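**Q** Let me begin by handing over the structure; questions about it come next.
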Amino acid sequence: MLQLKAIPAIDFQTEAYKDAYSRINAIVIEGEQEAHDNYLTLAELLADEKQELIRLSKMENRHMKGFQACGKNLKVTPDMVFAKEFFSELHENFQKASAEGKVVTCLLIQSLIIECFAIAAYNIYIPVADDFARTITEGVVKEEYMHLNFGEVWLKAHFEESKAELEVANRQNLPIIWRLLNSVADDANVLGMEKEALIEDFMIAYGEALGNIGFSNRDIMRMSAQGLAA
Ligand code: Y39
Ligand code: Y39
Ligand code: FE
Ligand code: FE
Ligand code: FE
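If you use the working numbering, the sequence shown corresponds to residues 7 to 236, in order.
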């Protein structure tokens, strides 16, 4: 709500805006591409959910195309090399977990942590986006809630046997998101997105997700604090 006070007019064609956009736009495009790949990997690991997971992966592919159009519309070339490096640590953790058949860890990384990252970023971006990108992002964020919900529903149904692995995966991956946020906070700020608002939205979405899965408030506090162990 911080951002509802005075929203200054943003000039989307300054060099400073386009430079920051070349990295944030690339992060989003790369993130959507990796989300597409991750849901296809999950479709192989969870045979009962295969069709649904393929459906989610197709949504991620459409998101990627939508955000590529946002960059083109502003005449920005996304810095894909930067974005690949940005996601490499999370990507490696997902790859390693999937190779070991650790479905719970894969779901925590993609459907909880990355989806909450997307939900926070897109909700904070919408009020400060150009008109073209706002329309695209509004459509996308609705679907990200469906992806988060997939992970919540599956993990809730398997809560007792997943709990220990979720705690370990949280401790390994939440600090990474915290570092990633800090590394793009300056660029996000140029786009009109406040770091404090991003953290607040992320923590609300992630805490709610952990609660829906079955964690107690005490667990949620403890697991959130582990994000600071960066
Ligand atoms: O599941 C998804 O669709 C996720 C790929 C998208 C993640 C996008 C991450 C956006 C972070 C932007 C950082 C701005 C501060
Ligand atoms: O300040 C805190 O409470 C930190 C513990 C929490 C780390 C969680 C990471 C926040 C990532 C925000 C991502 C926004 C798109
Ligand atoms: Fe990959
Ligand atoms: Fe997406
Ligand atoms: Fe998603």
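Quick reminder that beta carbons are idealized off the backbone N, C-alpha and C, glycines included. Remember, predicted model here, so these are calculated numbers, not experimental data.
(1) From L113, V196 and T143, pick the residue whose C-alpha is nearest to that of K169; which is it?
(2) Would L197 pass as a contact of V134 if the rule is Cβ separation under 8 Å?
(3) Please indicate yes or no: does the CB of A124 lie closer than 7 Å to some heavy atom of ligand 5?
(4) What did DSSP end up calling G217 once you bin it into helix, strand or coil?
(5) Near E158, what residues of its chain come up, given a Cβ to Cβ distance below 6 Å and the 5 sequence neighbours on each side ignored?
(6) Can the beta-carbon of N176 be found closer than 8 Å to that of Q232?
(7) Are I35 and P84 close, meaning C-beta to C-beta below 8 Å?
(8) Measuring from the CB of I60, is there a heavy atom of ligand 1 at a distance below 7 Å?
(9) Taking just the CA atoms, how far does I182 sit from L96?
(10) Just to check, is the beta-carbon of H97 closer than 7 Å to a non-hydrogen atom of ligand 4?
(11) Thinking C-alpha only, which one of F221, L172 and Q19 is nearest I115?
(12) Counting only the same chain and skipping the five closest in sequence on each side, list residues whose C-beta sits under 8 Å from that of L154.
(13) When you compare the CB positions of Y128 and E150, do they come within less than 8 Å of one another, or not?
(14) Among all residues, which have a Cβ less than 7 Å from at least one non-hydrogen atom of ligand 4, and in what chain order do they fall?
(15) Looking at the secondary structure, which residues open and close the alpha helix (DSSP H) in which L186 lies?
(16) Can we count A135 as close to ligand 1, meaning its CB is less than 7 Å from some heavy atom?
(17) Is E121 a contact residue of ligand 5, with contact defined as CB to any heavy atom under 7 Å?
(18) Name the residue from Q74, M229 and L46 whose alpha carbon lies nearest to the alpha carbon of V174.
(19) Quick one: Cα of K64 to Cα of F73, how far?
(20) For a test of your reading of the model: does the CB of L204 fall under 7 Å from any non-hydrogen atom of ligand 1? Yes or no.
(21) Is V196 near ligand 1, in the sense that its beta carbon is under 7 Å from a heavy atom of that ligand?
(22) Between D225, V190, A203 and L204, which lies nearest to F93 when the distance is taken from Cα to Cα?
(23) Output the distance between the C-alpha atoms of L52 and N179, rounded to the nearest integer angstrom.
**A** Once the coordinates are examined:
(1) L113
(2) yes
(3) yes
(4) helix
(5) A215, N218 and I219
(6) yes
(7) yes
(8) no
(9) 7 Å
(10) no
(11) L172
(12) S117, L118, E121, C122, I125, A211 and A215
(13) yes
(14) E38, A41, M65, E66, H69, A124, V146, E149, E150 and H153
(15) F165 to V196
(16) no
(17) yes
(18) M229
(19) 15 Å
(20) yes
(21) no
(22) V190
(23) 22 Å
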